[in-house]
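A.B. asks:
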Ligand SMILES: O=C(O)C1=C[C@@H](OP(=O)(O)O)[C@@H](O)[C@H](O)C1
Ligand SMILES: C=C(OP(=O)(O)O)C(=O)O
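Numbering (this note's numbering), first residue to last: 845 to 1284.
1) Does the distance between the C-beta of residue 1037 and the nearest non-hydrogen atom of ligand 1 fall short of 7 Å?
2) Helix, strand or coil: which one does DSSP assign to residue 1236?
3) Apart from the five residues just before and just after residue 1032, which ones in its own chain have a Cβ nearer than 8 Å to its Cβ?
4) Taking its Cβ as the centre, do 16 or more other Cβ atoms sit within 10 Å of residue 1048, making it buried, or is it exposed?
5) When every heavy atom of ligand 1 is checked, does at least one fall within less than 7 Å of the C-beta of residue 1020?
6) I need the straight-line Cα distance from residue 963 to residue 1264, nearest angstrom please.
7) From residue 1100 to residue 1029, what does the alpha carbon distance come to, in whole angstroms?
8) Which stretch, first to last residue, makes up the beta strand (DSSP E) that contains residue 1144?
9) Helix, strand or coil for residue 847 per DSSP?
10) Check whether the Cβ atoms of residue 925 and residue 882 lie closer than 8 Å to each other.
11) By DSSP, does residue 916 sit in helix, in strand, or in coil?
12) Near residue 846, what residues of its chain come up, given a Cβ to Cβ distance below 7 Å and the 5 sequence neighbours on each side ignored?
13) Would you mind listing the alpha helix (DSSP H) stretches within the region 1021 to 1079 that are 4+ residues and don't spill past its ends, in chain order?
14) Figure out for me which residue from 1150, 958, 888, 852 has the closest Cα to the Cα of residue 1003.
15) If you follow the alpha helix (DSSP H) that residue 1202 is part of, which residue opens it and which one closes it?
16) How long is the line joining the alpha carbons of residue 1284 and residue 1042, rounded to whole angstroms?
17) If distances are taken between C-alpha atoms only, which option among 1213, 991, 1027, 1014 comes closest to residue 982?
18) Shortest alpha-carbon distance to residue 999 belongs to which of 1046, 980, 947?
19) Under the rule that 16 or more other beta-carbon atoms within 10 Å means buried, what is residue 938, buried or exposed?
20) Express the C-alpha separation of residue 852 and residue 1208 in angstroms, rounding to a whole number.
21) Between 910, 944, 1141, which has its C-alpha nearest residue 935's C-alpha?
22) Rank 973, 1103, 1197 by C-alpha distance to the C-alpha of residue 991 and give the top, closest one.
23) State the Cα-Cα distance for the pair residue 928 and residue 1135, rounded to the nearest angstrom.
24) Output needed for residue 855: all residues of its chain with C-beta closer than 6 Å, excluding positions within five of it in sequence on either side, in chain order.
25) Which residue's Cα is closest to the Cα of residue 1025: 1066, 1140, 1116, 985?
26) Between which residues of its own chain and residue 864 is the CB-CB distance below 7 Å, once the five residues before and five after are set aside?
27) Pick from 1045, 1073, 892, 1077: whose alpha carbon is nearest that of residue 1063?
28) Does the beta-carbon of residue 976, which I'm using as the reference point, lie nearer than 7 Å to any heavy atom of ligand 2?
29) Is it buried or exposed, residue 1012, if we count other Cβ atoms within 10 angstroms and call 16 or more buried?
30) With a threshold of 8 Å on Cβ separation, who are the neighbours of residue 896 within its own chain once the five nearest residues in sequence on each side are excluded?
31) How close, in whole Å, do the beta carbons of residue 1174 and residue 1148 come, if the pair is a contact with beta carbons under 8 Å?
32) Would you please state the rounded distance, in angstroms, between the beta carbons of residue 1201 and residue 1160? I believe it to be under 8 Å.
33) Among 1272, 1275, 1259, 1271, which residue has its Cα nearest to the Cα of residue 1282?
34) According to the neighbour-count rule (16 or more other Cβ atoms, all chains shown, within 10 Å of its Cβ), is residue 912 buried or exposed?
35) Using a Cβ-Cβ distance under 8 Å, would residue 1026 count as near chain B?
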């Protein structure tokens, strides 16, 4: 399969962000709503679902395994759960597109099935490391074949009979933690996962929401296999990872004043908010409330001068997907911003350290990659041509950069923005960015 280069964004320099806007539903929660809804007993109704290519890949995969899933409207999904043991062998390999979350979490679920199944992905997903899940799953008893270097496709063999595990993760990864907890549902005995640093805890919250007991103490989370999930209704909040582009945009563009409605502010997801505040951003949380076990707020962001900082290492896992946007804030800040302990950025949809550094250099900003981070010196952004390498978050970050550039920015290979934020261009235009999308 060849990479699609089918879309290009053209961003005119300048502008400011105004108004009240709601970005689409949280991607992590949307994936999990399909997975847990499918494995539950009874009918789960989801509202606020992210209609993105990644989450639709998860949805289609469960349909292919015999789960009846309907969509009464674009953002509403009804899942008729089949119970933990009701999935059926799909007729062919499950194609998961660009979505690491789908493949890693589903490998935990599929390791517990009585049928064999193969998972494949696009060229980006086919380069991503899977040993982080296949190694501990093998310790639980699973038999999984990968390509030679531990990358997809993954072939999961039937009926291996999993055992619980007490596993300390070498990397802070919510995908690994979630994969093993989901495998733990099928395992004999207890499965316990210890994380080296806190990561997003949607799986734990949602398992509880589906009535599954979870024990948590400090950095360790445990569950006992062999229980059942009870269907529930899920209201998905707006995705802070999508809101992040507009939080940075409003901070850097003079005169901006924007409100982002109904955004999930789970403490394990608000690294971007904490980091921007440390840089001097003016961010106010309004109308804080809790919906379906997740904290939510409207986020007001007003333009304000930013300064470079050394990013606290404890914030790194809490802002892991927001760094491309944070790097644009750093490029507009006074002084140097230093990021360390973030080597994980090199194995996302692209090498986000190198690809962002290359792009920032093209726009006249000094950006020095290091093995586990980057040093960015704020300055005047110029116009230029950027290769997003098919990475949605790179494409959206350089769109926001246009607000502070002194020339037109052209961004290549943007089709994958639809994986997480299919309405990005319309929302960006409505909010005040002069951006056009072209077929390339
Ligand atoms: O669990 C999840 O939903 C996710 C976890 C993170 O990945 P890692 O677990 O690899 O850090 C994040 O980058 C990804 O976009 C979504
Ligand atoms: C890393 C990301 O997603 P995934 O791992 O699901 O591909 C992301 O959305 O930035």
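Glycine included, each C-beta is placed from N, C-alpha and C at the ideal position.
C.D. replies: Quick answer:
1) Checking the Cβ of residue 1037 against ligand 1 gives no.
2) Three-state DSSP puts residue 1236 in a helix.
3) 1005, 1006, 1007, 1008, 1069, 1070
4) buried
5) Because some heavy atom of ligand 1 lies under 7 Å away, the Cβ of residue 1020 counts as near it: yes.
6) 20 Å
7) 47 Å
8) 1138 to 1146
9) Confidence at residue 847 is low in this model, with a pLDDT of 47, below 50, so its placement is unreliable and no value can be given for it.
10) yes
11) strand
12) Low per-residue confidence applies at residue 846: pLDDT is 42, beneath 50, and the placement is therefore not dependable, though the value from the model is reported in the following sentence. Same-chain partners within the cutoff: there are none.
13) Runs of the alpha helix (DSSP H) inside the region 1021 to 1079: 1046 to 1053.
14) 958
15) For residue 1202, the enclosing alpha helix (DSSP H) has its first and last residue at 1196 to 1206.
16) 41 Å
17) Nearest neighbour of residue 982 by Cα position, chosen from 1213, 991, 1027, 1014, turns out to be 1027.
18) 947
19) By the 16-neighbour rule on beta-carbons within 10 angstroms, residue 938 is buried.
20) 21 Å
21) Comparing Cα-Cα distances from residue 935 to each of 910, 944, 1141, the minimum goes to 910.
22) 973
23) 26 Å
24) So the qualifying residues of the chain are 1243, 1246, 1253, 1279.
25) 1066
26) Within the same chain, 1103, 1105 come within 7 Å of residue 864 by CB-CB distance, once the 5 residues on both sides are set aside.
27) 1045
28) For residue 976, the shortest separation between its Cβ and any heavy atom of ligand 2 does not lie below 7 Å.
29) exposed
30) 868, 871, 874, 1262, 1263, 1264, 1265, 1266
31) A Cβ-Cβ separation of about 15 Å leaves residue 1174 out of contact with residue 1148 under the 8 Å criterion.
32) About 17 Å separates the two Cβ atoms, so there is no contact after all.
33) Closest in C-alpha terms to residue 1282, from the list 1272, 1275, 1259, 1271, comes 1259.
34) exposed
35) Among the chains of the structure shown, chain B does not appear; only one protein chain is present.
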